[in-house]
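Enquirer: Here's a structure for you.
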Amino acid sequence: MSTKEKLILPTMGCGTWAWGNRLLWGYDESMDSQLQEVFNLCVSNGVTLFDTGDSYGTGKLNGQSEKLLGKFEREYSGVNKNNICLATKLAAYPWRLTPKSMVAAGKASAQRMGRVDLAQMHWSTANYFPWQEWQLLDGLADLYEQGLVKGVGLSNYGTQRLKKVYQKFSDRNIPITTLQVQYSLLSTYPVTDLGIKETCDELGIKLIAYSPLCLGILTGKYTDKSTYPKGLRGLLFKRLVPEARSLLNCLRAIAQYRNKTMSQVAINWCIAKGAIPIPGAKNIKQAQENIAAKNWQLDAGEVAELDRAAGAIDKPMVQNIFQTR
Ligand SMILES: NC(=O)c1ccc[n+]([C@@H]2O[C@H](COP(=O)([O-])OP(=O)(O)OC[C@H]3O[C@@H](n4cnc5c(N)ncnc54)[C@H](OP(=O)(O)O)[C@@H]3O)[C@@H](O)[C@H]2O)c1
């Protein structure tokens, strides 16, 4: 048994991919004060897990999302301060080749955030550069052993790969606290096809659902071409939104019946599945809406109806290219 301090994970968290990403999400520094309000509102309402990554922000904005999180945490003095969990993901960059490089990456993140509570391997290199992976995982384990992080987790791992890594960490007596995968009503693959939830339960690992709103589609606000965001997301939505029509109708009907919003139903569905959703919020209105997705429950019939609608989709959201089996 580990003697390390146990991490407190709430039923839902907040993602910060958009906080720092100019190209993909249109972030600019004028958003910082509203992002700080998002942070404060989340924490004061018990949403205390914040997920970021050392790759969130490039060029001049390198590490921006981590820097913002660190600043917001330092300046926050309200309730739940002690429950804040700062989680980051360390990228398996091709130039990170040794355990030491992973430890250095963890230290750099801690420098930007003030500390790292949960360090996660952002993706597995198993599909294209298998030997690198064990080096980086050793570094992740070192971070934990050296007391530089309170917990370690993985991201984009499938069942088979997860079991191998679990064995390796068990040999060093290091618990894996979390696994995050792309999981939403438009991306059920990791659970329905890979059986990742059962494996996580078996191994005592908490499942985190990333992109639980499928990048915004499940909010229902992207209805036709004229509403799509610019760039890559818009291209993806062109195919996905028409494909998701019947699912979105089902979500809308349940939301209306429940007097909730579609986002709230989509997030609550993840909670009903036993996962910790981390929807990204860019402003206070989105955060308020997302926070109200917790503390109530869809009933079994509603979950089954949503499952049926999700299962009927021919071509759901593409999986992350790094997702392993
Ligand atoms: N491990 C990985 O490889 C990985 C990959 C991706 C994401 N993640 C993590 O998961 C987090 C969340 O995923 P995500 O940001 O990709 O997708 P998401 O949570 O499914 O969607 C977030 C986007 O949806 C829109 N939105 C959120 N709440 C809304 C609301 N209540 N009403 C209307 N629009 C709303 C916002 O964009 P607009 O306002 O522009 O529509 C927001 O940026 C990330 O921040 C990151 O921490 C991890």
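Take 4 as the starting number for the sequence shown in the numbering used here and just add one per residue. All C-beta atoms, glycine included, are put in the ideal place defined by N, C-alpha and C. Model, not experiment: these values are computed from the prediction.
(1) Closer than 8 Å by C-beta to residue 228: which residues in its own chain qualify, once you throw out the five before and the five after it? Chain order, please.
(2) Could you name the residues of the same chain whose beta carbon sits closer than 8 Å to that of residue 81, not counting the 5 residues immediately before and after it, in chain order?
(3) Is residue 352 buried or exposed, if buried means 16 or more other CB atoms sit within 10 Å of its CB?
(4) What number of angstroms, rounded off, separates the C-alpha of residue 319 from the C-alpha of residue 311?
(5) What are the boundary residues of the beta strand (DSSP E) that includes residue 1?
(6) Which runs of the alpha helix (DSSP H) at least 4 residues long sit entirely within the region 291-316? Give them in chain order.
(7) Does the distance between the C-beta of residue 218 and the nearest non-hydrogen atom of ligand 1 fall short of 8 Å?
(8) Count the other CB atoms, across all protein chains shown, that sit within 10 Å of the CB of residue 177; report buried if there are 16 or more and exposed otherwise.
(9) Determine, using beta carbons only, whether residue 257 and residue 292 come nearer to each other than 9 Å.
(10) Contact defined as beta carbons within less than 8 Å: I believe residue 105 pairs with residue 64. What is the distance between those atoms, to the nearest angstrom?
(11) For residue 97, which three-state DSSP category applies?
(12) As a quick exercise: from 286, 297 and 187, pick the residue whose alpha carbon is nearest that of residue 36.
(13) Kindly indicate the opening and closing residues of the beta strand (DSSP E) around residue 181.
(14) What are the boundary residues of the alpha helix (DSSP H) that includes residue 265?
(15) Per DSSP, what kind of secondary structure is residue 6 in: helix, strand or coil?
(16) Does DSSP put residue 123 in a helix, a strand or coil?
(17) Could you tell me the distance, in whole angstroms, from the CA atom of residue 147 to the CA atom of residue 260?
(18) Quick one: what's got a C-beta closer than 7 Å to residue 295's C-beta in the same chain, skipping five residues either side?
(19) Check for me: the beta strand (DSSP E) holding residue 53 runs from which residue to which?
(20) Does the region 244-258 come within contact of the region 190-210, defined as at least 3 CB pairs closer than 8 Å?
(21) Specify whether the region 87-96 and the region 127-143 touch according to this definition: at least 3 beta carbon pairs, one from each stretch, less than 8 Å apart.
(22) Hey, how far is the Cα of residue 237 from the Cα of residue 175?
(23) Keeping to the same chain, check which residues put their C-beta closer than 6 Å to that of residue 70; ignore five residues upstream and five downstream.
(24) Let me make sure I understand the geometry here. Which of 55, 308 and 262 has the alpha-carbon closest to that of residue 284?
(25) From what residue to what residue does the beta strand (DSSP E) around residue 129 run?
Expert: This is what the structure gives:
(1) 241
(2) 43, 46 and 47
(3) Examination of residue 352 is not possible in this model, given that the chain is present from 4 through 328 alone.
(4) 13 Å
(5) Residue coverage of the chain in this structure runs from 4 to 328, which leaves residue 1 outside it and unanswerable.
(6) 303-314
(7) yes
(8) buried
(9) no
(10) About 23 Å separates the two Cβ atoms, so there is no contact after all.
(11) coil
(12) 286
(13) 179-185
(14) 265-275
(15) Residue placement at residue 6 is flagged as unreliable, the pLDDT there being 49, under the threshold of 50; the coordinate-derived value follows with that caveat. Residue state, collapsed to three classes: coil.
(16) strand
(17) 47 Å
(18) 267
(19) 52-54
(20) no
(21) yes
(22) 45 Å
(23) 115
(24) 55
(25) That residue, residue 129, is in no beta strand (DSSP E); it is neither H nor E in DSSP.
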